[in-house]
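The structure under discussion appears below in the form of structure tokens.
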Amino acid sequence: MVGTFFGSDGPRGTTWHCTGSVMNTAARNIVLTAAHCALNMKGDYVFVPKFVKGAAPDRQPYGIFPVQRIFIDPRYVPDRGSSTTKKVSSDLDTAFARVAPNQQGESLQDAVGGGLTFTRPAGYTRRVTVVGYPSYSHNSAGRAVKCAVPTRQLAGFRQLAMTCGGYYGGVSGSPWITDYTDDGRTGHVIGNLGGYNGGGNDANVDYISYATAFGADAGNLLADAVADQAPPADLPAYRGLKGTLPGGAARWRKAALMASGDYTGDGRGDLLVAWPDGTVTLHPGDGRGGFGTEKRLLKANSTWTHARTVTGGTFAGGTRSGLLVRWSDGEVTLYPQPGPTGLGREIRMAAPRSAWKNAVQFAAGPFGGDPGTGLVVRWADGSLTLYPRVGTGGFGTGRRLVAAGGTWTKAALLTGGDFDGTAGGDLLVRWTDGSLDSYAGTSTAGLGTRTRLQGPNTTWTHAQALTAGGFRHGGSGDDLIVRWSDGETTLYADTGARTLGTEHTLVHPGT
């Protein structure tokens, strides 16, 4: 499954260039390597799996596979005069190549009989086998070097590091495989040799190597390669472990409540967060899935420690969003127009010790296309009510969508938005077993069309907060932000009623 690349001199020459490995994909023609390798690949390059030095193309074990197209994250920018970088964008030193069939017309995966599965590592401390082809000057026999080693984090980067001798130039792009077996046809790859300084320390010693640690960025790039489509040119600026939101995962695991809306009046989706100590912060959106300088709307206080559920919507009319809050004593208040300077005035919507103490979750949205913002409420008894026209004058008349008891007692999280691009209200539900459903076109007539986005799974049981909004301009629907139990925070751009959108990491785990 591992091989190397050649230019115009072909596999009978001695100028093999970097290392590649076969990926297991629906396209069946994808090779993994390093971005700093792929930058130098011209139109005459070929990939040769399990390369045999000196053998003609028809004598290579699986033949040769001409490189058709290269896929590199456009945010990977080499240092001046180099193909590598020591900056944070070195985390993106991953590339994928689409290759043509070999001389016998076989696809790459059909020829080699398998491929590696793209896998995001659960942390930086793993055990891997790294296989690569050092260049001719250090490897005149043209044999692959292999080492089974533990990994660690390269401090300050989203990268893995290992210590093992013999990894000279040419090994860039080598897969880091967690379950390698000799002559195996499958395995899980969590990164490729590369990253900081092209995958080595400043002294370029052969016994210290680095690798990109696969994440959402590499996963999106692989999806582009499989679809044979160019990576988007308008991706949010890459900030490394700093993430798009300020602070690391240790901070964001404490983000108790989140709401989205246009709180600055610029037509872009913003994120409002309530923290366990009562602090309330506003994160202005940039319209590209990123966020500007954090604004503190309230410092730590005892009042906001009693906030139990929040949601954002245009409750006061117009385009500016308001914030609806249910407190621990059952009081519900509306802030019609929070902004960068504070929460603004407060309107009581329900008195303390009211029935609203049993309102477990709020989800605002344009439900049923009614003017203004509607509110779906999930009550403690499992019933579901829609208030189609919530405003500064009150909730209005509610419509029961689901009776008490049954399935909806297992609804762990709710959020509302426009996921199908129809300007109507759609409901997204995370259930206690980790499954994820959308209800497109929810209105006073009833819950909308149900679509399962995720079946029961352990991953989504760790989703602790959801909010949906227009964080990226030009999308077909709303975007979904998820805060996970370990503090990782993710944006799924253009989430639809039938599928989750493209994943972008806002806060990296382990930071």
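One gets the numbering used here by counting positions in the sequence shown from 1 and adding 62 to each.
Positions of the beta carbon are idealized from the N, C-alpha and C atoms, including for glycine.
No experiment lies behind these values; they were computed from the predicted model shown.
Would the region 119 to 132 and the region 205 to 224 be scored as touching if the rule is three or more Cβ pairs under 8 Å? no
Can you list, in chain order, the residues of its chain whose CB lies under 8 Å from that of D348, leaving out five sequence neighbours each side? P298, R330, G354
Work out the CA separation of D264 and G257 for me, nearest whole Å. 12 Å
Any idea what DSSP makes of D488, helix, strand or coil? strand
Selected residue, minimal CA-CA separation from L463, among H250, V438, L490, P196: V438
Quick one, which of Y230, E393, T376, T381 has its alpha-carbon nearest T365's? E393
At what residues does the alpha helix (DSSP H) containing W314 begin and finish? 311 to 314
Identity of the residues DSSP links to A273 by a beta bridge: L222, L255
Just how far apart, CA to CA, sit I239 and G253? 8 Å
If I follow the unbroken beta strand (DSSP E) through V114, where does it start and stop? It is not in any beta strand (DSSP E) - V114 carries neither H nor E in the DSSP assignment.
Closer than 8 Å is the cut-off here; do at least three beta carbon pairs connect the region 299 to 314 with the region 560 to 571? yes
Given G232, which residues of its chain have a CB within under 6 Å of its CB, disregarding the five upstream and five downstream residues? Y195, P196, S197
CB contact flag (T447, G460, <7 Å): yes
At what residues does the beta strand (DSSP E) containing L170 begin and finish? That residue, L170, is in no beta strand (DSSP E); its alpha helix (DSSP H) goes 170 to 174.
How is P450 classed by DSSP in three states: helix, strand or coil? strand
Spatial neighbours of V192 within its chain, please: C-beta separation below 6 Å, excluding the five flanking residues on both sides. C209, S236, W238
Alpha-carbon to alpha-carbon, V251 and D328: 43 Å
Any idea what DSSP makes of Y230, helix, strand or coil? coil
Quick one: residues in its chain with C-beta nearer than 6 Å to the C-beta of P400, no 5 flanking neighbours on either side, listed in chain order? Y325, L385, G406
When the Cα atoms are used, what is the spatial distance from T66 to N519? 38 Å
Report the residue from S70, T521, D135, A527 whose alpha carbon sits nearest the alpha carbon of D296. D135
Mind checking which residues open and close the alpha helix (DSSP H) that includes H98? 97 to 100
Nearest to A217 (by Cα), restricted to the options Y186, D155, D556, L319: Y186
Give the DSSP-derived three-state secondary structure of S202 in the structure shown. coil
Under 8 Å by Cβ, that's how I've got L498 and W522 pegged, so tell me the actual separation to the nearest angstrom. 6 Å
Is the number of C-beta pairs between the region 499 to 516 and the region 532 to 540 that are closer than 8 Å three or more? no
When you compare each of R137, N363, P119 to Q166 by their alpha carbons, which one comes out closest? P119
Within 10 Å of its beta-carbon, does D245 have 16 or more other beta-carbons around it, so buried, or fewer, so exposed? exposed
Cα separation between F68 and G177? 21 Å
At what residue ranges does the region 342 to 412 contain a whole run of the beta strand (DSSP E), taking only runs of 3 or more? 342 to 345, 357 to 360, 369 to 375, 384 to 389, 394 to 397, 409 to 412
Checking 7 Å against the spacing of the C-beta atoms, do D155 and A97 come in under that value? yes
Following the continuous beta strand (DSSP E) through G323, name the residue where it begins and the one where it ends. 319 to 323
Got a sec, what are the start and stop residues for the beta strand (DSSP E) V139 sits in? No beta strand (DSSP E) contains V139, which DSSP labels as neither H nor E.
Give the straight-line distance between the Cα atoms of R410 and L396, rounded to the nearest whole angstrom. 6 Å
What first and last residue would you give for the alpha helix (DSSP H) that runs through A280? 278 to 289
Hey, would you say the C-beta of D480 is under 6 Å away from at least one heavy atom of the ligand MN? The ligand MN is absent from the structure shown, which contains no ligand whatsoever.
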